[in-house]
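Below is one structure; the comments refer to it alone.
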Amino acid sequence: MKLKIELREDVLKDLNTAASFNRDLFKENQTLVINLMSSPGAGKTTLLEETVKRLADEFKIAVIEGDLATDRDAERLRTLGIKTVQINTVGGCHLDARMVAKVIPEFDFESIDILFIENIGNLVCPSGYDLGQDYKVVVLSVPEGNDKIPKYPVMFKRTDITIINKIDLLPYVSFNLEEADRDLKQINPKAQLKTLSAKTGEGMNEWINWIKDVYRTCIKP
Amino acid sequence: MHEMSLMHEIIQLVSEDAKSRGFYKVKQIQVIVGDLSNVLPDALELAFFYFSKKKMGLLDEESQLKIIHEKAIAQCQTCLHKFEPDFRLALCPKCGLLNGFLISGETFQVESYEGSDEIEN
Ligand SMILES: Nc1nc2c(ncn2[C@@H]2O[C@H](COP(=O)(O)OP(=O)(O)OP(=O)(O)O)[C@@H](O)[C@H]2O)c(=O)[nH]1
Ligand SMILES: [Mg+2]
Ligand SMILES: [Zn+2]
Chain U
1 MKLKIELRED VLKDLNTAAS FNRDLFKENQ TLVINLMSSP GAGKTTLLEE TVKRLADEFK
61 IAVIEGDLAT DRDAERLRTL GIKTVQINTV GGCHLDARMV AKVIPEFDFE SIDILFIENI
121 GNLVCPSGYD LGQDYKVVVL SVPEGNDKIP KYPVMFKRTD ITIINKIDLL PYVSFNLEEA
181 DRDLKQINPK AQLKTLSAKT GEGMNEWINW IKDVYRTCIK P
Chain H
1001 MHEMSLMHEI IQLVSEDAKS RGFYKVKQIQ VIVGDLSNVL PDALELAFFY FSKKKMGLLD
1061 EESQLKIIHE KAIAQCQTCL HKFEPDFRLA LCPKCGLLNG FLISGETFQV ESYEGSDEIE
1121 N
């Protein structure tokens, strides 16, 4: 006998359960968790290095580094004395909540104030996976062009903050900040836009202050 | 992309449910794929073909995958106009306000499956 079963279940249901599990754990330990996404080379690791340097005096910071294969980005952060755990996805195009859950025991979350997760360089896949973070941040760099916002609307719709990085290169490449701002609002009116250069430090203060603010208002009032 | 692992997820989810209901085979799986779900239907088909040849879970070589497309539709929270958005997902073409809210297009779910309790060889 054949029978049709109306299942109506989200394919990512199990992964979303894992994400809630992570989220509860982060909450219990009052850890602010930021999921950093971008296409390859937009400057996630550089931004992390510069961010960590500016926060390390006040906060205990940890990092999860997602990469296809190498350990290089993790090494860059360890050099700065930051507890960093590498996840190699071996070809996988995004991190998911189960991968994050697996490395959770390697940290002592009770003592960690802020956890940054650097996702795999990819502007499509990581957007669909909840890791249990408090905020999703996407980094778009000036040389990529502002047309990446309309071309990858799903990523920008699902992120809380868009960082335009490498603004030191604005004089050399065509990147229209006004258009970027307009397009972003039309996709996601709630999204916040921040412009900075991780290299020169311009605009870094606003980003750092934002992190301090959310930590003090939302995580540990 | 990641359609192989998504298909893997689907087959596990369905096979587990089917086993718990006493089925021996899964003859067909229906999946809803939204236009904005970032899932490529062709790649899903290919993954399904591969896994059914390998008889993963309760699949066999005759098992079928049916993909139902779901269009992206948004509704303006101000004037209640429903529209098919271009990339400007929040822009209401009628009143021009940035108050559009997606009501469909992001779905990625297993709608149904057909189980069989006949034991075959
Ligand atoms: N001019 C300029 N270059 C930058 C800036 N930020 C990063 N870079 C450079 O961009 C290149 C890539 O930076 P990474 O930080 O490795 O980028 P990523 O996003 O971590 O790259 P993947 O992890 O490989 O995806 C490096 O050569 C950086 O020095 C910036 O603000 N201005
Ligand atoms: Mg990096
Ligand atoms: Zn309207």
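Residue numbers (the numbering used here), protein chains in the order written: chain U, 1 to 221; chain H, 1001 to 1121. Yeah, the Cβ is synthetic: ideal placement off N, Cα and C, and Gly gets one too.
Query: Please determine whether the Cβ atom of residue 159(U) lies at a distance below 6 Å from any heavy atom of ligand 1.; Result: no
Query: In the structure shown, what three-state DSSP assignment does residue 51(U) receive?; Result: helix
Query: Just the C-alpha distance for residue 176(U) and residue 1074(H), rounded to the nearest angstrom, thanks.; Result: 27 Å
Query: What span of residues does the alpha helix (DSSP H) with residue 1062(H) cover, start to end?; Result: Careful: residue 1062(H) lies outside any alpha helix (DSSP H) and carries neither H nor E.
Query: In the region 1089 to 1117 of chain H, which residues sit with their C-beta less than 7 Å from some C-beta in chain U, listed in chain order?; Result: 1089, 1090, 1091, 1098, 1108, 1109, 1110, 1111, 1112, 1113, 1114, 1115, 1116, 1117
Query: Kindly identify the DSSP beta-bridge partner or partners of residue 1100(H).; Result: 1076(H)
Query: Within its chain, find whatever has a CB closer than 7 Å to the CB of residue 130(U); leave out the 5 residues flanking it on each side and keep chain order.; Result: 16, 19, 97
Query: What separation, rounded to the nearest whole angstrom, lies between the Cα atoms of residue 4(U) and residue 1045(H)?; Result: 21 Å
Query: Ligand 1 and residue 119(U): does the residue's C-beta get closer than 6 Å to at least one heavy atom of that ligand?; Result: no
Query: Comparing alpha-carbon positions, which option in 67(U), 157(U), 103(U), 173(U) lies nearest residue 184(U)?; Result: 157(U)
Query: Give me whichever residues DSSP pairs with residue 62(U) in a beta bridge.; Result: 83(U), 115(U)
Query: Once the 5 residues before and after residue 203(U) are set aside, which same chain residues still bring their CB inside 8 Å of it?; Result: 167, 194, 195, 196, 197
Query: Based on DSSP bridge pairs, tell me the residues matched to residue 38(U).; Result: 139(U)
Query: Quick one: which chain U residues come within Cβ less than 8 Å of residue 1009(H)?; Result: 11, 12, 14, 15
Query: Taking the straight line between their C-alpha atoms, what separation do you get for residue 140(U) and residue 109(U)?; Result: 30 Å
Query: Among all the DSSP beta bridges, which residues are the ones paired with residue 1034(H)?; Result: 1070(H)
Query: Whose C-beta lies closer than 8 Å to the C-beta of residue 81(U) among residues of the same chain, with five residues either side of it excluded?; Result: 56
Query: Say whether the region 1073 to 1090 of chain H touches the region 1038 to 1052 of chain H, bearing in mind that this needs 3 or more beta-carbon pairs closer than 8 Å, one atom from each stretch.; Result: no
Query: Applying a beta-carbon distance threshold of less than 9 Å, which residues of chain H neighbour residue 127(U)?; Result: 1038
Query: By Cβ distance, which residues of its chain are closer than 8 Å to residue 159(U), with the 5 residues on each side in sequence left out?; Result: 37, 127, 136, 137, 138, 188, 191
Query: Helix, strand or coil: how does DSSP classify residue 225(U) here?; Result: Outside the displayed span of chain U (1 to 221) sits residue 225(U), for which this structure offers no information.
Query: Going by DSSP in three states, residue 1113(H) sits in which element: helix, strand or coil?; Result: strand
Query: Can you tell me whether DSSP reads residue 46(U) as helix, strand or coil?; Result: helix
Query: If we define contact as Cβ-Cβ less than 7 Å, is residue 6(U) a contact residue for chain H?; Result: yes
Query: Quick check: does the Cβ of residue 151(U) come within less than 6 Å of any heavy atom belonging to ligand 1?; Result: no
Query: Where does the unbroken alpha helix (DSSP H) through residue 1045(H) begin, and where does it stop?; Result: 1041 to 1053
Query: Just to confirm, is the Cβ distance from residue 1114(H) to residue 1053(H) under 7 Å?; Result: no
Query: What are the boundary residues of the alpha helix (DSSP H) that residue 176(U) is part of?; Result: It is not in any alpha helix (DSSP H) - residue 176(U) carries neither H nor E in the DSSP assignment.
Query: Quick one: is residue 1069(H) near chain U, going by C-beta distance under 7 Å?; Result: no
Query: Does any CB atom of chain U fall closer than 7 Å to the CB of residue 1087(H)?; Result: yes
Query: Name, please, each residue of chain U whose Cβ falls closer than 7 Å to the Cβ of residue 1080(H).; Result: Neighbours of residue 1080(H) on chain U: none; closest Cβ ~17 Å, over 7 Å.
Query: In whole angstroms, what is the alpha-carbon distance linking residue 71(U) and residue 102(U)?; Result: 17 Å
Query: Within the same chain, show all residues whose beta-carbon is closer than 6 Å to that of residue 161(U), passing over the 5 residues directly before and after it, in chain order.; Result: 137, 192
Query: So, residue 1058(H) versus residue 1015(H), is the Cβ gap smaller than 7 Å?; Result: yes
Query: Is it the case that the CB of residue 1094(H) approaches a heavy atom of ligand 3 more closely than 6 Å?; Result: yes
Query: Leaving out the 5 sequence neighbours to the left and right, which residues in its chain are closer than 8 Å to residue 68(U) when beta-carbon positions are compared?; Result: 88, 89, 90, 91, 92, 120
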